[in-house]
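The listed protein sequences correspond, in order, to chains A and B.
Quick note: the first sequence uses the working numbering, first residue 7, plus one each step.
Quick note: the second sequence uses the working numbering, first residue 227, plus one each step.
From the three backbone atoms N, C-alpha and C, an ideal C-beta is built for every residue, glycine too.
Have a look at the structure below before the remarks.
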Amino acid sequence: MLAKRIIPCLDIKDGRTVKGINFENIKDAGDPVELATEYAKQGADELVFLDITATNEKRKTLSELVTRIAKQINIPFTVGGGISSVEDVSVLLNAGADKISVNTSAVKNPQLIKDLANQFGSQCVVLAIDTKFENNDWYVYLNGGRVKTELKTLDWAKQAVALGAGEILLTSMNNDGTKDGFAIDITKQISETVNVPIIASGGAGTMQHFKEIFEKGKADAALAASVFHYKEIAIPELKTYLKENNIEIRL
Amino acid sequence: MNVSIIKYNAGNVQSVLFALERIGINAVVTDNIDKLQTADKVIFPGVGEASSAMKYLKEKKLDEVIINLKQPVLGICLGMQLMCRFSEEGETNCLGIFDNNVKLFSADLKNTKVPQIGWNTIYDLKTNLYKNIIENEYMYFVHSYFAEISENTIAKTNYGLEYSSSLQKNNFYATQFHPEKSSDAGQKILENFIKI
């Protein structure tokens with residue numbers, strides 16, 4: 007049976023791993039390649055690297071980092087942050103990334119999803135959505151959570167999958183950094199509506215939270231950053247715990 | 227050891243190159259017919275769409291070259307599907323090395339999403355490709371189409387239904403999963419292939 011995936015996320019700024027709370031108060035959290043190697047050894051199923059300061063000047067640094075990571079680790083990884091064109095994606099995939107994620111640029115230009123899916127295949131196109139619950143619904147936010155849109159998250163997820171997104175990385179801004187657990191309701195809603203895998207993100211604080219997001223939230227994968235970076239949860243223990251709770255997990 | 231990776235328009239070539247480097251093999255990526263024919267081992271990777279990949283192979287006359295290779299050949303992912311007879315993806319006549327059809331995972335299969343992305347188990351392992359690999363080991367898969375079970379099946383996987391996650395006939399080997407991305411066990415499979 008297909009296993010549920012545990013995905014550590016590394017936010018990258020100027021070639022270093024960083025972590026903020028609710029997208030703010032950025033702190034240094036180490037060397038990405040070193041951390042990636044460590045996570046792979048501990049049994050991470052996949053890794054996500056989000057370049058939170060991706061600008062054109064930084065693009066080359068990022069592709070060099072991607073190559074260093076690809077040479078070193080033997081599990082799949084996704085790279086995201088500031089990707090806005092087929093050319094950006096081509097560079098990153100050629101550098102050794104397995105998948106890329108798009109966020110703001112896809113909302114501004116949904117055709118990008120279609121172009122990427124046609125050119126590289128849906129399997130490497132991850133749609134990242136930053137979402138916030140307010141006025142009784144979940145809305146899509148852009149630019150790392152700074153810009154609100156009127157787009158409803160469920161509608162956007164459906165549209166993006168129709169355009170060719172192969173996976174959805176859903177981050178709840180209400181939950182991110184709180185360590186109070188993942189956003190179960192919206193994750194479940196999207197997972198049951200679209201037929202592509204959903205990666206739940208934001209809010210992981212305990213091992214039970216992972217169990218809940220798989221069982222109740224119907225997530226296919228769970229992503230977290232700080233609980234892994236700051237060694238509050240060890241990946242081998244987490245995976246053993248989930249296995250003991252009858253969740254399909256690769257040990 | 228002289229390993230050639232087939233260069234065409236559907237490669238995830240970097241990952242395969244890096245994985246080989248990790249086991250001490252410096253492979254070359256080439257569409258040079260002579261280099262492919264004289265290599266000790268040939269790897270046929272692939273991520274992409276079947277019909278455009280086949281069209282490209284035919285234009286470059288690589289289709290004839292591949293089916294006539296005599297040394298061990300390893301197809302990976304789309305590479306494996308292209309080695310089958312026919313793929314529903316783009317209604318494509320493929321290389322026909324394996325007499326298998328390649329079909330789309332149906333969205334009605336129980337609890338399955340398409341594409342299948344992630345780690346699934348392989349079992350009923352046969353041949354030296356799986357030497358020292360335990361039954362039900364996890365491998366990393368990313369695909370929407372699958373090869374049916376046949377007499378050439380050397381590993382099976384279940385995703386709503388049972389299908390061939392690996393095929394072998396004569397000198398031709400193939401895996402639907404990505405050994406280059408499947409952690410230490412995947413690396414072991416690449417090492418096994420190099421030793422065949």
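Residue span of the alpha helix (DSSP H) that contains residue i, given as start and end
| i | result |
| --- | --- |
| residue 125 of chain A | 117-126 |
| residue 213 of chain A | 213-221 |
| residue 193 of chain A | 190-199 |
| residue 73 of chain A | 65-78 |
| residue 239 of chain A | Residue 239 of chain A -> no alpha helix (DSSP H), and no H or E assigned at all. |
| residue 93 of chain A | 92-101 |
| residue 39 of chain A | 38-48 |
| residue 159 of chain A | 159-169 |
Proximal residues of chain A, C-beta to C-beta of residue i below 7 Å
| i | result |
| --- | --- |
| residue 274 of chain B | 127 |
| residue 402 of chain B | Those do not exist, as residue 402 of chain B stays about 13 Å from chain A at its closest Cβ, beyond 7 Å. |
| residue 412 of chain B | 80 |
Where residue i meets chain A, residues with beta-carbon distance less than 9 Å
| i | result |
| --- | --- |
| residue 301 of chain B | Ordered by position in chain A, no residue passes the 9 Å Cβ test against residue 301 of chain B, which lies about 17 Å from the chain. |
| residue 333 of chain B | 201 |
7 Å Cβ cut-off: residues of chain B touching residue i
| i | result |
| --- | --- |
| residue 82 of chain A | 366 and 407 |
| residue 173 of chain A | 343 |
| residue 76 of chain A | 240, 241 and 244 |
| residue 86 of chain A | Those within 7 Å of residue 86 of chain A in chain B number zero; the least Cβ separation is about 16 Å. |
| residue 102 of chain A | 240, 241 and 244 |
| residue 256 of chain A | 345 and 364 |
Counted within 10 angstroms of its Cβ, other Cβ atoms place residue i as buried (16 or more) or exposed
| i | result |
| --- | --- |
| residue 19 of chain A | buried |
| residue 117 of chain A | exposed |
| residue 214 of chain A | exposed |
| residue 7 of chain A | exposed |
| residue 348 of chain B | buried |
| residue 250 of chain B | exposed |
| residue 131 of chain A | buried |
| residue 252 of chain A | exposed |
| residue 153 of chain A | exposed |
| residue 334 of chain B | exposed |
| residue 236 of chain A | exposed |
| residue 332 of chain B | exposed |
| residue 242 of chain A | exposed |
| residue 393 of chain B | buried |
| residue 267 of chain B | buried |
| residue 227 of chain B | exposed |
| residue 217 of chain A | buried |
| residue 346 of chain B | buried |
| residue 264 of chain B | exposed |
| residue 232 of chain B | buried |
| residue 315 of chain B | buried |
| residue 293 of chain B | exposed |
| residue 12 of chain A | buried |
| residue 360 of chain B | exposed |
Range covered by the beta strand (DSSP E) that runs through residue i
| i | result |
| --- | --- |
| residue 418 of chain B | Element bounds for residue 418 of chain B: not the beta strand (DSSP E) but the alpha helix (DSSP H), 409-421. |
| residue 107 of chain A | 105-108 |
| residue 227 of chain A | 227-230 |
| residue 391 of chain B | 388-395 |
| residue 246 of chain B | Where residue 246 of chain B is concerned, there is no enclosing beta strand (DSSP E), although the alpha helix (DSSP H) it sits in stretches over 239-248. |
| residue 338 of chain B | Counting along the chain, residue 338 of chain B falls outside any beta strand (DSSP E), and DSSP gives it neither H nor E. |
| residue 261 of chain B | Where residue 261 of chain B is concerned, there is no enclosing beta strand (DSSP E), although the alpha helix (DSSP H) it sits in stretches over 259-264. |
| residue 152 of chain A | Taken as a continuous stretch (DSSP letters only), residue 152 of chain A belongs to no beta strand (DSSP E), as it is neither H nor E. |
| residue 267 of chain B | 267-270 |
| residue 86 of chain A | 83-86 |
| residue 229 of chain B | 229-232 |
| residue 406 of chain B | Note, residue 406 of chain B: premise wrong, no beta strand (DSSP E); not H, not E. |
| residue 130 of chain A | Per DSSP, residue 130 of chain A belongs to no beta strand (DSSP E) and is neither H nor E. |
Chain-ordered neighbours of residue i on chain A, where CB pairs are closer than 8 Å
| i | result |
| --- | --- |
| residue 384 of chain B | 7 |
| residue 327 of chain B | Per Cβ cutoff of 8 Å: no residues; residue 327 of chain B is ~21 Å from chain A at best. |
| residue 339 of chain B | 201, 202, 203 and 226 |
| residue 247 of chain B | 77 |
| residue 307 of chain B | The premise fails here: residue 307 of chain B is roughly 13 Å from chain A at the closest Cβ pair, so nothing lies under 8 Å. |
| residue 346 of chain B | 7, 8 and 9 |
Contact set between residue i and chain B, taken where Cβ atoms lie within less than 8 Å
| i | result |
| --- | --- |
| residue 262 of chain A | Chain A is shown only over 7 to 257; residue 262 of chain A falls outside these bounds and no answer can be derived. |
| residue 17 of chain A | The contacting residues do not exist; residue 17 of chain A stays about 22 Å from chain B at best. |
Contacts that residue i makes with chain B (C-beta to C-beta distance below 9 Å)
| i | result |
| --- | --- |
| residue 182 of chain A | Correct list: empty, because the minimum Cβ distance to chain B is about 23 Å. |
| residue 94 of chain A | In chain order: nothing, as chain B lies at least about 16 Å away. |
| residue 161 of chain A | The contacting residues do not exist; residue 161 of chain A stays about 19 Å from chain B at best. |
(message) Please give me, in chain order, every unbroken run of the beta strand (DSSP E) with length at least 3 that falls completely inside the segment 274-335 of chain B.
(response) Qualifying beta strand (DSSP E) stretches, in chain order: 299-302 and 327-330.
(request) Say whether the segment 287-307 of chain B touches the segment 337-353 of chain B, bearing in mind that this needs 3 or more beta-carbon pairs closer than 8 Å, one atom from each stretch. (result) Here the segment 287-307 of chain B makes no contact with the segment 337-353 of chain B; the two share fewer than three CB pairs at distances below 8 Å.
(request) Indicate whether the contact test is met: 3 or more Cβ pairs, each with one atom in the segment 269-278 of chain B and one in the segment 222-233 of chain A, closer than 8 Å. (result) The segment 222-233 of chain A and the segment 269-278 of chain B do not touch, with fewer than three beta-carbon pairs separated by less than 8 Å.
(request) For the segment 190-203 of chain A and the segment 163-182 of chain A, state whether three or more C-beta atom pairs, one from each stretch, are separated by less than 8 Å. (result) Taking one beta carbon from each stretch, the segment 190-203 of chain A and the segment 163-182 of chain A have 3 or more pairs nearer than 8 Å; the two touch.
(message) Measuring CB atoms only, is the segment 394-407 of chain B touching the segment 283-299 of chain B, in the sense that at least three cross pairs come out at less than 8 Å?
(response) Output reads yes: the segment 283-299 of chain B touches the segment 394-407 of chain B.
(request) Could you tell me whether the segment 134-143 of chain A touches the segment 278-285 of chain B, using the rule of 3 or more Cβ pairs below 8 Å? (result) In short, these stretches do not touch, since the Cβ pair count stays below three.
(message) Give the list of continuous beta strand (DSSP E) stretches no shorter than 3 residues that lie fully inside the segment 354-390 of chain B.
(response) Fully enclosed beta strand (DSSP E) runs of 3 or longer: 363-369, 371-373 and 379-384.
(request) Check whether the segment 240-257 of chain B touches the segment 316-326 of chain B, taking contact to mean three or more Cβ pairs, one atom from each stretch, closer than 8 Å. (result) No: the two stretches stay apart, fewer than three of their Cβ pairs being nearer than 8 Å.
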